[in-house]
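Enquirer:
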Ligand SMILES: Cc1cc2nc3c(=O)[nH]c(=O)nc-3n(C[C@H](O)[C@H](O)[C@H](O)COP(=O)(O)O)c2cc1C
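Numbering (my numbering), first residue to last: 2 to 260.
(1) Can you give me the C-alpha to C-alpha distance between residue 175 and residue 97, rounded to a whole angstrom?
(2) Taking a contact to mean a Cβ-Cβ separation below 8 Å, would you say residue 52 touches residue 135 in this structure?
(3) Using three-state DSSP, classify residue 48 as helix, strand or coil.
(4) Does the pairing of the stretch 150-165 with the stretch 46-64 give three or more beta-carbon distances under 8 Å?
(5) So if DSSP puts residue 20 in a beta bridge, which residue, or which two residues, is it bridged to?
(6) Measure the CB-CB distance between residue 247 and residue 126 and report whether it falls below 8 Å.
(7) Taking 7 Å as the limit between beta carbons, can you name the residues of its chain near residue 240, skipping five residues before and five after?
(8) Who are the near neighbours of residue 192 in its chain, counting only those whose CB is closer than 8 Å to its CB and skipping five residues on each side?
(9) Do you know offhand how far residue 1's Cα is from residue 16's?
(10) Among 212, 85, 195, 8, which has the Cα closest to the Cα of residue 238?
(11) Nearest by alpha-carbon distance to residue 148: which of 128, 158, 173 is it?
(12) Would you mind listing the alpha helix (DSSP H) stretches within the stretch 29-103 that are 4+ residues and don't spill past its ends, in chain order?
(13) Can you tell me whether DSSP reads residue 154 as helix, strand or coil?
(14) Closer than 7 Å to a non-hydrogen atom of ligand 1 - does that hold for the CB of residue 96?
(15) Taking only three categories from DSSP, how would you classify residue 239?
(16) Suppose you measure from the CA of residue 159 to the CA of residue 23; what does that come to, to the nearest Å?
(17) Which of helix, strand or coil does DSSP assign to residue 123?
(18) Output needed for residue 253: all residues of its chain with C-beta closer than 6 Å, excluding positions within five of it in sequence on either side, in chain order.
(19) Report the CB separation of residue 171 from residue 229 in whole angstroms; it is logged as a contact under 8 Å.
(20) Relative to the C-alpha of residue 179, which candidate in 207, 198, 225 has its C-alpha closest?
(21) For the putative contact between residue 78 and residue 121, defined by C-beta atoms under 8 Å, what is the C-beta separation to the nearest angstrom?
(22) Mapping DSSP to helix, strand and coil, what is residue 108?
(23) In whole angstroms, give me the CA-to-CA distance for residue 58 and residue 42.
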């Protein structure tokens, strides 16, 4: 058969397609475990960075630091009590889709724009020697273009913010993407999440915080040109600290103590 024959050209093209698709599928399947392991490692790294335990980009053995400094548990968000289960394998995105493992939020409840909230959620206790010195809460909520996923860390008084960081979002670099700006993230550290009455008070304001104002301890500078993302972060943090988020759990810890 001549090399120019249509049949031969089609046969070669079809053969090539089969070989390539087998190669791509094999690569996808064989790389999946490594991708999953990297995802878990990335999550651990973000937890440690949000709590200020390691610096962003620092070269550390994430697994061993996590093992030493973090104790993960699952919390029932309705009662605030710990429940049995493996926080490492808990898939909050899947659980949020299932009516048996999540609730639908009403418009008034849904500050973070997430529609459904899981019944249980992982939390990460920060260990320092034998002491528990804080807690890291996973949070997520709507910005302008995307849902932002991150962690908020509180100190041992359960009021002072130790850190905030997002590990996944689709906001515009230079605008909403400034949520990743280390300077902006560091402005959260030391702020108070709750006022003297115990109500959630932390907020991202439009513009700059006046350091001499009484409420500055609850306020974070806005993101210039990205007020919608900034408001989304503010609402997200307020939702997860509130009664429909980790509020019951935090209340219980204030009575029972961390640990
Ligand atoms: C291409 C494009 C991307 C934008 N990305 C964001 C964004 O990621 N987050 C955001 O809040 N606003 C973003 N904006 C701006 C919003 O439309 C809106 O103008 C802004 O949030 C208002 O904030 P300001 O009051 O601080 O100017 C974007 C606008 C354009 C044209």
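Note that beta-carbon positions come from the ideal geometry of N, C-alpha and C, so glycine has one too.
Expert: This is what the structure holds:
(1) 31 Å
(2) Yes, these two residues count as a Cβ contact at 8 Å.
(3) helix
(4) yes
(5) Paired residues: none, contrary to the question.
(6) no
(7) 112, 113, 142, 246
(8) Excluding positions up to five away in sequence, the list reads 161, 162, 203, 218, 219, 220, 221.
(9) Outside the displayed range of the chain (2 to 260) lies residue 1, so it cannot be described from this structure.
(10) 195
(11) 173
(12) 63-70, 93-96
(13) DSSP places residue 154 in strand when its eight states are reduced to three.
(14) no
(15) helix
(16) Pairing residue 159 with residue 23, the inter-Cα distance amounts to about 53 Å.
(17) strand
(18) 81
(19) Contact doesn't hold; Cβ gap of about 13 Å is too wide.
(20) 225
(21) 7 Å
(22) DSSP, reduced to helix, strand and coil, places residue 108 outside both helices and strands of the structure shown, so it counts as coil.
(23) 13 Å
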